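S.K.: Sharing a structure here in structure tokens format.
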Amino acid sequence: MCGIVGYIGKKQAYPVLIKGLERLEYRGYDSAGVALLENGAFSVYKKKGKVAELSKFVKNKNIKNFSGGVGIAHTRWATHGIPSDRNAHPHLSNNGDIVIVHNGIIENYLSIKKVLLKKNYKFKSDTDTEVLANLIEDIKNNAKVSIDEAVRLALLQVTGAYAILVLSKDEPNTMVVAKIGSPAVVGIGKGEFFVASDATPIVEHTKKVVYLEDREIAIIKNGKLRIKTIDNKIKNLYVQKLETKIEELEKNGFPHFMLKEIFEQPESLRNTMRGRILVDKGGIKFGGLEKFGKELRSLKSLTITAMGTARFTGLVGEYAFEELAKIPTKVEYSSEFAYRDASVDINTGFIAISQSGETADTLNAVKEAKRKNMLTLGVVNVIGSSIARAVDAGIYNHAGPETAVASTKASTSQVLILIMLAVYLGRMRDLSKAKAQEILKEMQRLPNLAEKILKNANEIKKLAKKYSKNNNFFFLGRKYNAGAAMEGALKLKECSYIHAEGINATELKHGPLSLIDKNFPSLVIAPNDSMYEKSKTGIQEIKARGGRVIAVATEGNREIKTIADDVIYIPKTLEILTPILAFIPMQLFAYYIAVERGNDVDKPRNLAKSVTVE
Ligand code: F6R
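Residue numbers (the numbering used here): 216 to 829.
Here it is, written out as structure tokens:
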């Protein structure tokens, strides 16, 4: 999704902005641009394609020295108008006085545009953003107000979700940031300020940040930062300290972030559990939940909402909450929960799962749950993100920054947190200490078991090569591994562009089986668990119809080799924990196939890391 970056200070803005855009590349985008305030006017450079193409384009202009210490920049993920140089941000207002970058959507831009057209404003792009630039110019000129006031007055007329960054050439010492829905962070340096969609472009410059809340405007003027609301109320600055280290944002010798993040899973699983597992007591410590003991005890049901991978991890969690805590649980698309009249009561707990903490659909679901007076819990990886701040109580994944668009280490951490939460809620109810201890002990082995799977990465690479020419794939699993199968299919399709369907294995004979032939292989998750015999039958049914099968099976299972065409072994563990291990070889499989097919693995086409629009 779009990314915004801004700099105002004593350094040259251009290199800071370009580096910032590179840091935001992981979010997914189709064009990039920069505007610099130099010698009283804006220089705007923008290009369809990668940030590297923008840099090349600027380099070819042979500019000896960028004088400006003020600038804004953008990576665009097209919503209004095709990806093109013309539609790329930044956008200038008609008289060139104002420049803006924008993440999100201005819903009523057409009606505003109509009014501006009548006033003879001209538009060079198809974007909603250019409309906002001209609206701000119009207000600034007619009301004769400062740029921050013009932005505020303009936003009173605007509906939608957005984060914007605005400069005016008449006020070279001012930068204005505002947001509703989409994220914006201000970094405070020594005599300089950084603005970005998330903290990744800021980490290398300063650890002091202010996360803007919805309907807030940050005004950086003459070296000072002030915050007010769109309704003109002054707010106190809440400065937070960033924990992210710069090394965490680099590839560290791996060819892709996705592979690095897959290989980080032993460590991310360790970090997810660190200081939280109390084996002796058969309990879990979640600092963020401590204040809510009474409410958590009285929960009678749970609704989990999430999107994409996070929703699939929720499907694993659903089984865990019912088995360990005996709490009826359902999993919904956040987007649906936000708009349908979900029937809930005061004893229905709400869990939002989100790696980025910025997914617009999930954030909307949290708002709706709060409106319904539900206790809202968040399972979020990015500290200080919008969802983390919106929920009543939360559990951070501590999986570390995830840069590749395809979620890997955050997803295994999500499953782990949900199982830990099921133990936590279970211990408030009927779950015995002995059973909890058994699970917790086994959980602590997971990082080592994940390491064992990663040691076999080369075997999975060979398998990926063998299957890389197929155009279709089924991923099948039962019970805890039904959600895992869906996740495996999503991983393959998003990275390799191979059509893949993830379904509960039992569903196969109710229709999908008709698709099976020798060119339509299936990956079946079939560990030695309560569903093993059923999974075996599923494999036989596929084989009987000429289909090829890769089985993900428990180490030591020789029998499966005689049924399936290929086998990927995962170590033996408790049934409830198998999906965490099953995720890993499927991630590697998707990764290696995508590499084999020559795809841009970290930034698959058409996708964005942080989906901040509905
Ligand atoms: C797939 C993937 C997406 C996200 C989904 C939700 O690999 O990453 O499906 O899981 O967009 O994102 P978050 O977890 O940030 O809310």
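Quick reminder that beta carbons are idealized off the backbone N, C-alpha and C, glycines included.
Please read these numbers as outputs of a predicted model, since none were measured by experiment.
Tell me the rounded alpha-carbon separation between G599 and L723.
M.R.: Taking the first residue of the sequence shown as 1, we reach residue 599 at position 384. Taking the first residue of the sequence shown as 1, we reach residue 723 at position 508. About 42 Å.
S.K.: For G523, verify whether its CB is less than 6 Å away from any heavy atom of ligand 1.
M.R.: By 1-based counting over the sequence shown, the position of residue 523 is 308. Distances taken from the Cβ of G523 to the heavy atoms of ligand 1 include one shorter than 6 Å.
S.K.: Have a look at L325, G532 and Q372 and flag the residue whose alpha-carbon is nearest the alpha-carbon of A697.
M.R.: Counting from 1 along the sequence shown, the entry for residue 697 is found at position 482. Restricting attention to L325, G532 and Q372, the CA atom closest to the CA of A697 is found in G532.
S.K.: Which ranges does the alpha helix (DSSP H) cover as unbroken runs of at least 4 residues, wholly within the segment 288–350, from first to last along the chain?
M.R.: 324–333
S.K.: On the criterion of 16 or more Cβ atoms from any shown chain inside 10 Å, does D815 qualify as buried, or is it exposed?
M.R.: Locating residue 815 in the sequence shown gives position 600, counting from the first residue. Exposed: under 16 other Cβ atoms inside 10 Å.
S.K.: Does the beta-carbon of V826, which I'm using as the reference point, lie nearer than 6 Å to any heavy atom of ligand 1?
M.R.: Reading the sequence shown from its first residue, position 611 is the one you call residue 826. Yes, the Cβ of V826 comes within 6 Å of a heavy atom of ligand 1.
S.K.: Helix, strand or coil for K587 per DSSP?
M.R.: In the sequence shown, residue 587 corresponds to position 372, counting from 1. The answer is coil: DSSP assigns K587 none of H, G, I, E or B.
S.K.: For K394 and L427, which I take to be in contact (beta-carbon distance under 8 Å), what is that distance rounded to the nearest angstrom?
M.R.: Here residue 394 refers to the residue found at position 179 of the sequence shown. Here residue 427 refers to the residue found at position 212 of the sequence shown. That belief holds up - the Cβ atoms of K394 and L427 are roughly 5 Å apart, short of 8 Å.
S.K.: Alpha carbon to alpha carbon, how far is A376 from Y229?
M.R.: As a working note, residue 376 is residue 161 in the sequence shown. As a working note, residue 229 is residue 14 in the sequence shown. For A376 and Y229, the distance between alpha carbons rounds to 28 Å.
S.K.: Would you kindly work out how many angstroms separate the C-alpha atoms of K680 and E811, rounded to a whole number?
M.R.: Along the sequence shown, one-based indexing puts residue 680 at 465. Along the sequence shown, one-based indexing puts residue 811 at 596. Approximately 7 Å between the Cα atoms of the pair.
S.K.: What is the residue span of the alpha helix (DSSP H) that D363 lies within?
M.R.: Counting from 1 along the sequence shown, the entry for residue 363 is found at position 148. Where D363 is concerned, the enclosing alpha helix (DSSP H) stretches over I362 to Q372.
S.K.: With DSSP as the reference, label S626 as helix, strand or coil.
M.R.: What you label residue 626 is simply residue 411 of the sequence shown in a count that begins at 1. In the structure shown, S626 sits in a helix (DSSP, three-state: H, G or I).
S.K.: Tell whether a beta-carbon distance below 7 Å holds between A365 and I354.
M.R.: Here the question's residue 365 lines up with position 150 in the sequence shown. Here the question's residue 354 lines up with position 139 in the sequence shown. Taking the C-beta atoms as reference points, I354 is found nearer than 7 Å to A365.
S.K.: Report whether the distance from the Cβ of T520 to the nearest heavy atom of ligand 1 is below 6 Å.
M.R.: On the sequence shown, residue 520 is found 305 positions in, with the first residue counted as 1. Not so, every heavy atom of ligand 1 lies at least 6 Å from the Cβ.
S.K.: Quick check on this structure: which residue in D413, H317 and R555 has the alpha carbon closest to the alpha carbon of N596?
M.R.: Counting from 1 along the sequence shown, the entry for residue 596 is found at position 381. Selected option, being the one with the closest Cα: D413.
S.K.: I need the boundaries of the alpha helix (DSSP H) containing S600, first residue and last residue.
M.R.: As a working mapping, residue 600 is identified with position 385 in the sequence shown. Per DSSP, S600 belongs to no alpha helix (DSSP H) and is neither H nor E.
S.K.: Measure the alpha-carbon distance for G498 versus E465 and round it to whole angstroms.
M.R.: The residue you call residue 498 lines up with position 283 of the sequence shown. The residue you call residue 465 lines up with position 250 of the sequence shown. Taking the straight line from one Cα to the other gives about 36 Å.
S.K.: What separation, rounded to the nearest whole angstrom, lies between the Cα atoms of A369 and L640?
M.R.: The count along the sequence shown starts at 1 and reaches residue 369 at position 154. The count along the sequence shown starts at 1 and reaches residue 640 at position 425. Between A369 and L640, the C-alpha separation is close to 47 Å.
S.K.: Should E716 be labelled buried (16 or more other beta-carbon atoms within 10 Å of its own) or exposed?
M.R.: Against the sequence shown, residue 716 aligns to sequence position 501. Label assigned to E716: buried.
S.K.: Take E653 and list the residues in its own chain whose beta-carbon comes closer than 8 Å to its own, dropping the five residues that flank it on each side.
M.R.: Position 438 of the sequence shown holds residue 653. Around E653, the same chain offers L789 as residues with beta carbons nearer than 8 Å, after the five sequence neighbours per side are excluded.
S.K.: Which complete alpha helix (DSSP H) runs does the segment 608–688 hold, if anything under 4 residues is left out?
M.R.: 624–642, 648–670 and 672–682
S.K.: Return the residue from the list I542, K650 and T459 that minimises the CA-CA distance to K496.
M.R.: As a first step, residue 496 is located in the sequence shown; it is residue number 281 there, counting from the start. Closest by alpha carbon: K650.
S.K.: Would DSSP call Q802 helix, strand or coil?
M.R.: Taking the sequence shown and counting its residues from 1, one reaches residue 802 at position 587. It is helical.
S.K.: So, helix, strand or coil for H725, using DSSP?
M.R.: Residue 725 sits at position 510 when you count from the first residue of the sequence shown. Looking at H725 - three-state DSSP - the assignment turns out to be helix.
S.K.: In the DSSP output, what is F472 paired with across the bridge?
M.R.: Translated into positions along the sequence shown, residue 472 becomes position 257. Paired residue(s): none; F472 is not in a bridge.
S.K.: Kindly list the residues whose CB is nearer than 7 Å to the CB of I492, restricted to its own chain and excluding five residues on each side of it in sequence; keep chain order.
M.R.: Position 277 of the sequence shown holds residue 492. Only I499, L655, M658 and Q659 meet the Cβ criterion.
S.K.: Does the beta-carbon of T577, which I'm using as the reference point, lie nearer than 6 Å to any heavy atom of ligand 1?
M.R.: Along the sequence shown, read from residue 1 onward, the residue named residue 577 stands at position 362. Yes - ligand 1 has a heavy atom lying nearer than 6 Å to the Cβ of T577.
S.K.: Indicate the three-state DSSP secondary structure (helix, strand or coil) for L427 in the structure shown.
M.R.: Here residue 427 refers to the residue found at position 212 when the sequence shown is read from its first residue. Correct three-state label for L427: coil.
S.K.: With a threshold of 6 Å, establish whether the CB of S397 neighbours any heavy atom of ligand 1.
M.R.: As a first step, residue 397 is located in the sequence shown; it is residue number 182 there, counting from the start. The answer is no for S397.
S.K.: Thinking C-alpha only, which one of F272, K261, G284 and I233 is nearest G224?
M.R.: Working through the sequence shown from its first residue, we reach residue 224 at position 9. Residue G284 is the option with its Cα nearest to G224.
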